[in-house]
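Under UniProt numbering, the first residue of the sequence shown carries the number 1, and numbering increases by one thereafter.
Quick reminder that beta carbons are idealized off the backbone N, C-alpha and C, glycines included.
Everything on this sheet refers to the single structure shown next.
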Amino acid sequence: MGRGRKGGRGGRGGGGGRGAKRQHSEGGGGDERSVRPRTDAWQTPEQIESNGLFEEYYKEHNVCPPEEWDDFILCLKTPLPITFRINGGGQFADRLREKLETDFMAQFAAGETLMVDGEPAEPPHPLGWYPGGLAWQMSFSRKQLRKAPVLAELHEFMKRENETGSITRQEAVSMVPPLFMDVEPHHWVLDMCAAPGSKTFQLLEMLHGGPAAPTGLIAANDADAMRCNLLAHQTKRMCSPHLVVTNHEAQAWPLLRNLVPGSSERHVLFDRVLCDVPCSGDGTMRKAPDIWRRWSTANGIGLHLTQLRIALRACELLRVGGRMVYSTCTFNPVENEAVVAEVLRRTKGAFELVDGSDHLPDLRRMPGKQRWRVRDRDGWYDSWEEGKKASKLQPSMFPDAASDSLPLHLCMRFLPHHQNTGGFFVAVLKKVGELERPLEMGCAQNRPQQAQPKLAEEAMPAAQEAVPAGQETVPAAARAAEAGAAEVAVTAENGEAAPVEALAAAGPAAIKAEATSGAEVAGAGAEAGALGAVGPAADAAGEDGAADRGAGAGKLAWQRKAEDDVGPGLPEWRTIRGGGVPHTQGGGRYKGVDPVTPYVDADQLAAMRAFYGFAPDSPLPEAMISRSVEQRPKKLYCVGPSVKLLLQLDTKEQLKIIGAGVKILERQDSRDGLVPCLYRFTQEGLPAILPHVTKQRFHPTVDEMLALLQHRSVGLPQGHKLHITKGGAKAAAGQPAAAGPAEPQVDAKGEDVQQEASAPAASAAGQAAQPAAGEAALQPAAAAPTAAAPAGGDKEQAKQPRVTLTDPSTVQQLEGLAMGCCVALLRSEDAAALGFAAESDAAGGLAAAAPLAVACWRGRGSINVLVSKVEGDQMVDKLKHHRAKAAAAAAAHAADKEER
């Protein structure tokens with residue numbers, strides 16, 4: 001779920017999500033147009049003009065102590081410091097933290113403040129309240145970073161580590177909500193408004209925080225399809241098969257029917273739900289000063305109902321005993337305490353606020369407000385009795401006698417001047433009992449001119465007559481609500497950094513955004529039809545959801561199965577979801593979304609087990625999917641057991657799935673059929689697949705690894721080169737093939753270049769075969785032949801790679817490598833000496849903390865890398881850097897020993 005128009009988070013820059021519009025010139029000029037200049041560029045506090053309404057509104061609500069008001073306003077007019085978080089945990093995070101402390105902080109330890117251009121530069125320091133010292137903050141300007149060598153070095157370090165996924169640029173208060181989630185490895189977690197993905201990344205780290213592989217999942221959702229692609233790109237660095245990305249309006253996230261035998265829950269529920277909802281964003285003024293000019297009380301009023309609907313939907317999706325975190329980046333009580341109070345009123349004791357005062361004790365916070373006032377353009381209102389005369393106010397915006405008895409002081413408001421951060425609001429709620437009935441998503445008491453909510457049973461006929469699935473139709477109420485939301489100024493992200501470069505790196509969107517599909521509208525009509533003319537449809541549960549709601553109305557524990565409700569049980573793991581599948585209406589429920597197809601080719605699964613040595617009890621081959629309906633799909637993705645179960649439970653294709661799992665295998669066609677396994681490793685999927693691979697591995701020396709990455713092709717010793725005639729004889733005898741397909745190429749962007757021509761067959765006279773086309777092409781050190789080789793024995797004149805593997809241990813390992821894909825890993829002693837992670841202590845699924853491994857192709861006379869040149873160069877730089885550092889440390893140790 002996002003923060004822009006149509007419920008999305010909106011765009012960055014250009015004012016896309018903040019209501020800014022291009023002003024076209026009227027009259028002559030043809031295509032000429034005048035564009036309003038950017039007003040969100042950094043300015044000094046003196047240059048930023050205050051907003052009188054903003055100051056009046058928050059002074060009235062006493063959001064900060066009166067004696068701190070000047071500090072509060074001054075802080076909001078100064079730019080944010082640079083903050084980042086060290087990803088992962090364990091030894092990897094410890095080493096990176098030690099590097100920051102020794103390489104950078106030590107240079108500021110002399111007690112003298114570094115002065116650059118007459119301005120002091122504060123040293124990088126860890127945020128004292130963040131667990132483990134893994135979050136850091138700096139206060140350097142860009143100008144200072146360029147002029148001071150130590151700061152320039154720090155800047156380069158940050159860029160390098162950010163590219164490799166070792167750190168994440170993220171605003172400090174944006175790190176707070178996941179820390180109150182208390183996620184454990186077995187939890188099912190839903191992030192309802194996830195893009196761009198910094199908080200989702202935190203949740204994934206927590207899920208992988210146990211000693212063993214997690215059994216839970218993270219479902220990351222966003223309303224904007226483009227931002228879903230960005231979300232998938234940001235989380236790819238975690239390399240987790242326990243992630244699924246969906247594209248729904250958060251208030252319409254489907255309520256799936258639970259088909260698990262023996263489960264007492266009627267619906268698929270989650271242990272943790274994060275509602276980082278769209279908001280007016282005045283807590284982000286330090287990075288978006290344009291909000292000063294645009295701020296209005298109408299912003300919060302326009303978003304209140306959307307925020308409430310998202311929170312209520314989260315209540316329905318949470319299981320008893322679970323925890324929900326509601327957060328915004330605004331100070332406004334109408335968007336904060338008013339929503340929390342209404343949730344507690346609607347749920348009638350099923351939810352309670354959690355006291356988080358003992359958690360993160362070093363993080364200063366202000367208690368929630370027990371009372372507040374509502375203001376629109378006409379004036380102030382203290383109660384609904386006064387506010388009902390206004391045109392756009394709702395009763396849920398006001399405090400009342402019921403809210404007076406609620407412990408709203410347990411909510412937390414974080415002010416920017418307290419710890420040099422942005423502004424934020426967090427409320428932690430726990431589900432302590434069952435909901436009596438489905439929650440009405442609209443306003444319980446609405447205006448006389450608006451339609452009253454209908455019961456679910458009355459809405460059923462309208463739902464059955466709704467438009468067919470996949471048709472892009474939005475009800476008038478939804479369009480009206482979206483039009484109103486478009487006028488609301490919203491922040492691009494709840495305190496999270498989402499650089500434009502990351503969006504570009506995510507690639508073009510393969511999926512067209514659909515505001516609301518007809519199928520979602522149909523399900524929503526059955527959902528307590530409830531919204532009338534106040535807002536968009538609020539449920540995508542479909543037939544099952546409608547029936548469940550109709551049956552559950554007026555009964556206790558409506559999300560519990562009846563004792564005699566056995567259900568049909570789990571469907572077989574081979575059902576294809578969407579994507580133009582034959583014999584399905586419309587070829588799938590959502591247009592433009594690739595299908596999710598379980599990979600169940602028994603022959604190829606057996607070939608994978610035999611070729612790569614997957615253990616018999618490894619779940620990997622039986623937990624793979626593709627995103628096409630081809631019989632031999634190009635790419636295969638690995639999903640965790642919980643993601644697999646979620647896909648099985650989605651029998652009605654209610655979930656609009658953008659991504660699931662991690663890509664681990666790609667097809668490598670073999671026209672001669674000499675390589676038994678049709679699929680090879682992907683470099684990005686190695687951290688996920690390595691623990692399951694026992695064959696096709698070798699451990700070269702550091703020098704050999706560097707040569708492999710630099711030359712992209714190294715030669716095999718003469719005794720280990722393969723002859724195509726011998727390979728054919730072995731294949732005929734049922735032995736591992738000694739010759740195979742044309743070896744794959746990887747271009748500079750990392751894309752595969754499939755070979756069109758297969759290796760020619762050798763003659764019966766025993767002539768030497770010409771090297772495979774891919775093998776010759778992947779040898780940068782060898783010049784291409786100047787003329788075509790003759791038909792005779794002159795084919796062996798092709799130049800061989802300049803570098804050959806000669807280390808005895810490496811040569812011995814090559815004997816166990818069959819023709820085809822393999823993986824090169826650093827030896828354990830070399831990894832320990834250079835500070836790389838060993839296979840036994842890799843930090844969860846974090847790619848940057850995984851062992852240094854390279855996907856390769858074992859050819860007839862060479863081994864070629866299957867990584868892009870850019871990625872290969874990064875690995876070379878990393879190896880050389882670690883080697884130089886280890887050599888310097890050894891030299892310093894030796895010198896120290898001599899002095900003693």
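The beta carbon of Trp136 is closer than 8 Å to those of Thr83, Phe84, Arg85, Ile86, Leu100, Pro124, His125, Pro126, Leu127 in its chain, skipping five residues each way along the sequence. Under the three-state reduction of DSSP, Arg574 is assigned to coil, being neither helix nor strand. Residues Pro123, Pro124, His125 of the same chain have their beta carbon placed closer than 8 Å to that of Met105, with the five preceding and five following residues left out of the count.
For the 9 Å CB-CB criterion, Ala148 and Val189 do not form a contact.
Asp650 sits buried, since 16 or more C-beta atoms from the chains shown fall within 10 Å of its C-beta.
By the C-beta criterion, the stretch 709 to 723 is judged not to be in contact with the stretch 633 to 644, since fewer than 3 inter-stretch pairs fall below 8 Å. Under the three-state reduction of DSSP, Trp857 is assigned to strand.
Rounded to the nearest whole angstrom, the C-alpha separation of Leu636 and Pro120 is 53 Å. Fewer than three pairs of CB atoms, one per stretch, sit closer than 8 Å, so the stretch 385 to 405 makes no contact with the stretch 413 to 421. Here Leu207 is not near Gly197, since their CB atoms are 9 Å or more apart. Going by DSSP, Pro120 is part of the beta strand (DSSP E) stretching over 119 to 126. Burial is judged here by how many other beta carbons sit within 10 angstroms of a residue's own beta carbon; Pro367 has fewer than 16 and is exposed.
A distance below 6 Å between beta-carbons, with the five flanking residues on each side excluded, links Ala311 to the following residues of its chain, in chain order: Cys275, Tyr326, Val339, Val343. Between Leu645 and Leu722, the C-beta spacing is not below 9 Å.
Rounded to the nearest angstrom, the gap between the Cα atoms of Phe614 and Gln696 is 11 Å.
Here Val870 is exposed. Its C-beta has fewer than 16 other C-beta atoms within 10 Å. Taking a C-beta distance under 9 Å as the contact criterion, Thr297 and Arg237 do not qualify as a contact pair. Taken through DSSP and simplified to helix, strand or coil, Arg146 comes out as helix.
With respect to Ile657, Arg577 sits close: the two C-beta atoms are nearer than 9 Å. Sorting Pro278, Ala194, Arg371, His881 by C-alpha distance to the C-alpha of Gly302 places Pro278 at the top. By the Cβ rule, the stretch 166 to 183 does not count as touching the stretch 871 to 889, because fewer than three pairs are nearer than 8 Å. Of the other Cβ atoms in all chains shown, fewer than 16 fall within 10 Å of the Cβ of Arg632; this residue is therefore exposed. When the beta-carbon positions are compared, Lys348 and Glu265 stay at least 9 Å from each other. For secondary structure counted as the beta strand (DSSP E) over 3 or more consecutive residues, the stretch 354 to 398 holds these complete runs in sequence order: 374 to 376, 379 to 381. In this structure, Val823 lies near Val854, with their beta-carbon atoms less than 9 Å apart.
The C-beta distance from Val173 to Phe424 rounds to 4 Å, short enough to fall under 8 Å. Judged by DSSP in its simplified three-state form, Ile48 adopts coil rather than helix or strand. The DSSP-derived three-state label of Tyr637 is strand. The alpha-carbon of Arg589 is positioned some 9 Å away from that of Lys652. Inside the stretch 659 to 721, DSSP marks whole beta strand (DSSP E) runs of 3 or more residues at positions 662 to 667, 679 to 681, 713 to 715, from first to last along the chain.
Taking Leu151 as the centre and dropping the five residues before and after it, the same chain places the C-beta of Ala121, Phe140, Gln144, Leu145 closer than 7 Å to its C-beta, in chain order. With respect to Trp384, Asp358 sits apart: the two C-beta atoms are not nearer than 9 Å. DSSP places Ala884 inside the alpha helix (DSSP H), whose first and last residues are 869 to 899. Here Val600 has Arg574 as same chain residues with Cβ atoms under 6 Å from its own Cβ, once five neighbours each way along the sequence are excluded.
DSSP places Asp71 in the uninterrupted alpha helix (DSSP H) bounded by 69 to 76. Here Ala610 has no same chain residue with a Cβ atom under 6 Å from its own Cβ, once five neighbours each way along the sequence are excluded.
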